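K.L.:
The structure's right below; bear with me while I get my questions together.
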Amino acid sequence: KTRHLYVDAAAMQLVRDPTQFEVIVTGNLFGDILSDLTAELIGGMGIAPSGNINPESKRGLFEPVHGTAPDIAGRGVVNPIGAILSASMMVRHLGHNEMANAIEGAVESAIRAGECTRDLGGSLSTHEVGDAVAKRLKD
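For the record, in the sequence shown the residue sitting at position 50 is 68 according to my numbering, with numbers rising by one throughout.
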């Protein structure tokens, strides 16, 4: 079902009941604002993936919501889950649903096991979290 909402009403509805939305189509400005808002609903910007898909060509650009974070680059404290889940979105967009499900399952398993960065209550570095997810994909 398609609905048209003003951005302020959409933000309110996202906070009130985010499960009512499957896909949100919007321009870059409002999309950036809404994706930052909803990232906090799922655990923070460190784990939120993002996809920008051209409606005509269907080509996509997938990236973590948090951007590049140059102020903490190279220190091993960045949460890689947003980037990993962005890769999952890309794989799903390319039609490989089984692989996307495996990536998402590996991420969920690592988080449930406490193998995560400090922003999610863990103590692992960027590389250690990546290794924890990769190990689950290999198993």
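Where a beta carbon is used, it is the ideal one built from N, C-alpha and C, also for glycine.
Given the structure is predicted, the values throughout are model-derived calculations rather than measurements.
Going by beta-carbon coordinates alone, are V151 and A118 separated by less than 9 Å?
P.N.:
Your numbering for residue 151 matches position 133 in the sequence shown. Your numbering for residue 118 matches position 100 in the sequence shown. Their beta carbons are not under 9 Å apart, which means V151 does not touch A118 by this criterion.
K.L.:
Tell me the residue span of the alpha helix (DSSP H) that contains G148.
P.N.:
In the sequence shown, counting from the first residue as 1, residue 148 sits at position 130. Note, G148: alpha helix (DSSP H), T144 to K156.
K.L.:
Ends of the beta strand (DSSP E) at L79?
P.N.:
Mapped onto the sequence shown, residue 79 falls at position 61. Here the beta strand (DSSP E) through L79 covers G78 to P82.
K.L.:
Which term fits E133, buried or exposed, when burial requires 16 or more other beta carbons within 10 angstroms of its beta carbon?
P.N.:
Residue 133 sits at position 115 when you count from the first residue of the sequence shown. Looking at its Cβ environment, which holds 16 or more other Cβ atoms inside 10 Å, E133 is buried.
K.L.:
Which residues mark the beginning and the end of the alpha helix (DSSP H) in which I71 is found?
P.N.:
Sequence index remark: in the sequence shown, residue 71 carries index 53 (1-based). Taken as a continuous stretch (DSSP letters only), I71 belongs to no alpha helix (DSSP H), being part of the beta strand (DSSP E) at P67 to I71.
K.L.:
Quick one: what does DSSP say N97 is sitting in, helix, strand or coil?
P.N.:
The count along the sequence shown starts at 1 and reaches residue 97 at position 79. N97: coil per DSSP, three-state reduction.
K.L.:
From L138 to I51, what distance separates their C-alpha atoms?
P.N.:
Here residue 138 refers to the residue found at position 120 when the sequence shown is read from its first residue. Here residue 51 refers to the residue found at position 33 when the sequence shown is read from its first residue. Each residue's alpha carbon lies about 22 Å from the other.
K.L.:
Determine the extent of the alpha helix (DSSP H) in which M30 is found, giving its start and end residues.
P.N.:
Working through the sequence shown from its first residue, we reach residue 30 at position 12. Note, M30: alpha helix (DSSP H), V25 to R34.
K.L.:
Between the C-alpha atoms of A120 and S68, what's the straight-line distance to the nearest angstrom?
P.N.:
Position 102 of the sequence shown holds residue 120. Position 50 of the sequence shown holds residue 68. Cα to Cα, A120 sits roughly 18 Å from S68.
K.L.:
Counting C-beta neighbours from all protein chains within 10 Å, is the total for V43 16 or more, i.e. buried, or is it exposed?
P.N.:
By one-based count along the sequence shown, residue 43 stands at place 25. Exposed, by the Cβ-count rule.
K.L.:
Helix or strand or just coil, what does DSSP make of F39?
P.N.:
Taking the sequence shown and counting its residues from 1, one reaches residue 39 at position 21. Note: F39 maps to coil in three-state DSSP.
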